[in-house]
Each structure stands twice: as C-alpha cells, then as structure tokens.
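What follows is one structure encoded as structure tokens, with my remarks underneath.
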Amino acid sequence: MIITLDKKEFMEGVGSVSRFAERRTGTLPVLAGIAIIAGDDGIKLRATNLETGIDLKVNGKIQETGVVALPANTLREIAASFSGGGTITLEHAGETVVVSTGGARSTLKTLPFEDFPTLPLPEAPQAKFTLSGATLKSLVTSVMNYASTSSVRPELASVLLAAEGGSIKAVATDSFRLAEKKISLKATIPPFTMLIPAKNAADIMQTLPDEDIEIQVDDHQGAFFWSTGVLTTRLVSANYPDYTQIIPKSFIADATLLKKDFEAALKRTAIFSDSFLKVRLEFDASGKKVSLSAQNADVGDSSETVSGSVSGESVQLSFNHRYLSAPLSGLASDSITLSASGIGRAMVLRGSGDTSFLYLVMPMNQ
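Numbering-wise, the sequence shown is residues 99 to 464 according to this note's numbering.
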C-alpha cells in the first residue's frame, strides 16, 4: 500500500477515528489500532472497541492498494505533530509503514490486520430514517450528562432516543434528576426506541457532522450513515423506565427568575453547603422572591434572596446544589422557571419560554 493524503485532513481523520480505538489494556491488541484501507472505493480509516466503531473516508491519492493496521496512539501523536499545509505519504512494506512528509520520516510497526473486526451493522433494521446531524447532536448533548455512571442498572446508564408521532426526544436520568429534550419534526419518522450507552454518547456526538444522517436501528445495534462515514454503536438491551409518571402534572409554587441572578446566588450559597451539598430554597409569593440558604458547622452559614415573579404557596425544599446548577449553562433563555410540586416531590426547571427542554430534580430530606 502506498497512499498520499492532505496533512490537515489526515490529522482530523485520525483524531476522529482514534476516539473509537480500544483504550483498555488486556484486550485484543489490534483493537488499539486504526486500520487504513486503500481500495477501489478510496481510502478509509477504521477503528472499533467492539462497542462502537467507525469507518471514515478521507481524500487522497492511491498509488498502490492495500490494508494495514497501526497503533492508534502513535498514529494520533504523529498526526497531531504536523503543522502547515502539504501532504503526507504512507508506504507499507512487510511489517512496517513509513510515514513521510517534507523532511520528516518515521517508521511504524504494524498490527495484524487479519485480526481486525468488521463493523457490525443492523441486520434487519426496525427503523430507518434521516435526521440532520445538528438536530441529533442538540438532542443528545442536552441530556447525556444526566445519565447514571453506575453499571448496576444499564438502562439508567444510557441515553434514550425515541420518536413518537411528529416529534423526537432524548432522555437521561440517574434517578435523582432527569432531563428531556423534545423537538417537533417537519417530516414524520417511524416510531423507534434506542438506548445509547451514555459512556459512548459524547464521542459519538463529537464525531457526527451537522449534515443529514441516515439512522438505522435494530434490537442490538444503531448505525449512523453520512456522506463520508458510518458509525455504529451497540445498544443497551433493556426497558427504559416510564419516567413520565414522575413528571408532575400540577404545581403548588412557581418562580421565574433571571438566570444570572439565580446562578450567582446559588454559587455563593453553595460555599456554605454541608457534606451532603445541601442548599435550601424557599418560595415566597408575598415577597416576590426565592431565598437560598445553606449551613455548615465547620464553615458558617449564608442566606440570599433573588427577586422575581413568584406565585403559589410558600414552600421550602432542599437540593444538592450541583444538581440545581448543572443545567443552567446549557439554557439559552435569560430567565428560568422553577416549579415546585410539593414537599418531597420533584421540582421542574425550565428555560422561560422554552418548552423543548425539561429538567426534573428530586429534593433532599429536609
């Protein structure tokens, strides 16, 4: 195999593909590599850790076809060291590949390509549809950080992506908080449900382009096809809990506040939170304010009020301050609405005027 590629495109391609090479030790050695395939349909870079995998086309000139597998870490470091324009040439001979550009020349030992697995694709897709990559990424990235990090309940360590009627939604929860992002679609897509492992979601979304993507789903695999690549992921085989049952249907108090004021007050009050990170909120409709307070026997105490539009009953609720602050930076609205459903019951946080995103957080014991 002898191929010549643009340095910048090669660097970006290797950077994207290397995310899906195996990082753990003790597994099949070739999984820690990137396969380079030069054939009649062009040049492809491939990597897989058996849970996720990618084939990515890169532009280049093929002087001699062939296949080779190289260590992903080494190849990524070499690619990242390139600067400026120009081209890079890879020449495979025996058990080595010579990488040359300008006056630089490196020789890499290859990995056994015959052990490199193919990408598993959905065998009998139950759903096949097209969605813009920008829309898909907006959905998943809005919720993925709220999935559980524990493997005890795999369904909670995943991101639910599902279509219903003329809308598509992404949901994640760790049982203490829940986030749902839902958008309406111009075209109807077939009903489907897929559970993407949350630990893989960030790499997948970071790699997918903004262009239209064809998505295929079966019971075990999800695949994303676009003009220059295909990305596959193993899906979680479990039933997602019926989370709609815990979303309050009515509220006893609502408060609409400027986001920056609430965020700043929460940050200051959190300094005085205890070992459980507890901060208390008090809705005061008569005073048109929400009070935040915290107390720590070793540090001291703090209280602060945020003025806003407050209605309903006076109620006090305590929360983990990290759970309250987590969604704020991702909200585009200048103001937020906090809706309390009662003592010991979930509170809903939304960006004011934004019905597409819902964040639900459970209170702590008083």
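Don't be surprised by glycine CBs; every beta carbon is placed ideally from N, CA and C.
Rounded to whole angstroms, the gap between the alpha carbons of Pro295 and Leu234 is 15 Å.
Its Cα nearest to that of Ala383, the residue Thr403 stands out among Thr403, Asn463 and Val166. Within the DSSP secondary-structure output, His190 pairs in a beta bridge with Val195. Per DSSP, the continuous alpha helix (DSSP H) segment holding Gly113 begins and ends at Lys105 to Val115. Take Ile141, set aside five residues on each side of it, and the residues of its chain with a beta-carbon closer than 8 Å to its own are Ile101, Leu103, Ile134, Ile135, Lys155, Val156, Asn157, Gly158 and Ile160, in chain order.
DSSP places Ser373 outside both helix and strand once states are collapsed to three, so it counts as coil. Taking 7 Å as the cut-off, the Cβ atoms of Phe381 and Val334 do not count as close. Collapsing the DSSP output to three states places Glu162 in a strand. With respect to the C-alpha of Phe118, the residue from Lys207, Met303, Lys376 and Asp317 having the closest C-alpha is Met303.
The C-alpha of Thr326 is placed about 15 Å away from the C-alpha of Thr228.
Under DSSP, Thr354 takes part in a beta bridge, and its partners are Ser407 and Thr435. Looking only at Gly320, Asn394 and Met460, the smallest Cα-Cα distance to Asn298 is reached by Gly320.
Cβ atoms of Val128 and Pro210 come within 8 Å of each other, at about 6 Å. Considered as a whole, the region 212 to 272 harbours 231 to 241 as its complete alpha helix (DSSP H) runs of no fewer than 4 residues, in chain order. Ranked by Cα distance from Phe290, the options Asp272, Leu258 and Thr305 are led by Leu258. Of the candidates Gly131, Gly184, Asp139 and Val166, the residue whose Cα lies closest to the Cα of Gly151 is Gly131.
Just so you know, the alpha carbons of Thr305 and Gly451 end up roughly 31 Å apart.
At a Cβ-Cβ threshold of 7 Å, Asp352 and Ser437 count as neighbours. The residues Thr367, Val377, Arg378, Glu380, Asp399, Ser400, Ser401 and Glu402, in chain order, have a CB closer than 8 Å to that of Ser391 in the same chain once the five nearest residues on each side in sequence are set aside.
Annotated three-state conformation of Glu312 is strand, per DSSP. DSSP lists Ala438 and Val459 as the bridge partner or partners of Met445. No residue range can be given for Met99, since it is assigned to no alpha helix (DSSP H) and is classified by DSSP as neither H nor E. In this structure Met99 touches Glu162 by the C-beta definition: roughly 6 Å separates them, less than 8 Å. For Thr330, the secondary structure class from DSSP, reduced to helix, strand or coil, is strand. Distance between Ala363 and Ser405, taken at the CA atoms: about 11 Å. In the DSSP assignment, Ser423 falls within the alpha helix (DSSP H) that extends over His419 to Ser423. In the three-state reduction of the DSSP assignment, Leu306 falls in the coil class, being assigned neither a helical nor a strand state. Counting only the Cα atoms, Ala261 lies some 20 Å from Glu309. Note on Leu148: under 16 other CB atoms within 10 angstroms of its CB, so exposed under the neighbour-count rule. Excluding five sequence positions before and after Val250, none of the CB atoms of its chain fall closer than 8 Å to its own CB. Ranked by how close their Cα comes to the Cα of Gly440, the residues Leu426, Ile350, Val446 and Ala430 have Ile350 in first place. Boundaries for Ala430: no beta strand (DSSP E) harbours it, and the DSSP string shows neither H nor E there.
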